[in-house]
Structure formats: C-alpha cells, structure tokens
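In terms of the working numbering, the sequence shown has 24 at position 24, counting the first letter as 1, and numbering is strictly consecutive.
C-beta atoms are modelled at their ideal positions from N, C-alpha and C, and glycine is treated no differently.
Note that the structure is a prediction, hence the values are computed from the model and not measured.
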Amino acid sequence: MCIACRRREPQSQLLRLAVLRADDDRIVVDTDRRLPGRGAWIHDSAACWKRARAKRAFSTALRAPGLPGPEAAPDGIGTTGSR
C-alpha cells in the first residue's frame with residue numbers, strides 16, 4: 001500500500017523506502033529491496049511523493065520520528081504519470 005495515496009498495488013509496482021543506518025540516518029529508496037528493518041512503499045509518481053511529504057508520511061511509516069523525508073523524489077521518479 002502506498003504511504004501517500006493509500007492505494008493497494010503489487011509490490012512490483014511500488015518503490016520500497018528504508019532507513020539507512022549510518023553516521024547520519026536517512027531515508028533512501030531501497031532499489032534492491034534488501035535493506036534491513038521496516039520498509040515503506042510508495043508509487044513512482046511525483047504526486048505521491050508530494051503528498052507523502054505534505055503528510056509527513058515517511059517518518060511515520062518508517063517509525064523514525066524526527067527523521068525528515070527525502071527532499072525530493074530521486075531521479076526518474078514521477079516519469080510514469082500521476083496517481
């Protein structure tokens with residue numbers, strides 16, 4: 001289920017986000033879908049990325065309070081149209 005629009009889709013149609021634990025924890029797109037820990041799923045659309053940022057859905061879904069969401073969608077995101 002997309003953390004922004006709450007629509008259910010097969011995981012193959014969504015991007016997985018995870019918290020990359022390092023010196024500076026940050027939220028990253030898990031392209032290989034192998035990073036440990038809790039994951040969150042989002043559509044590959046600019047509209048869903050905007051909505052998730054507005055709702056502060058990244059830190060809520062990943063249970064990482066205080067951790068800001070990605071500043072912008074990664075390159076290539078949003079090229080499949082809006083949801």
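Chain-order list of residues whose beta-carbon lies under 6 Å from that of residue i (same chain, five-residue window excluded)
i: Ile135; result: Limits of the chain in this structure are 1 at one end and 83 at the other, which puts residue 135 out of reach.
Cut-off 8 Å between Cβ atoms - residues of its own chain near residue i, not counting five sequence neighbours on either side
i: Pro65; result: Ser59
Same chain, Cβ closer than 7 Å to residue i, neighbours up to 5 away in sequence not counted
i: Ile27; result: Leu17, Val19, Phe58, Leu62, Leu67, Gly69, Pro70
| Enumerated in chain order, which unbroken segments of the alpha helix (DSSP H) with a length of 4 residues or greater are wholly contained in the region 6-82? | 46-55, 57-61
| query | Would you call the region 9-16 and the region 42-54 in contact, with 3 or more CB pairs under 8 Å? | reply | yes
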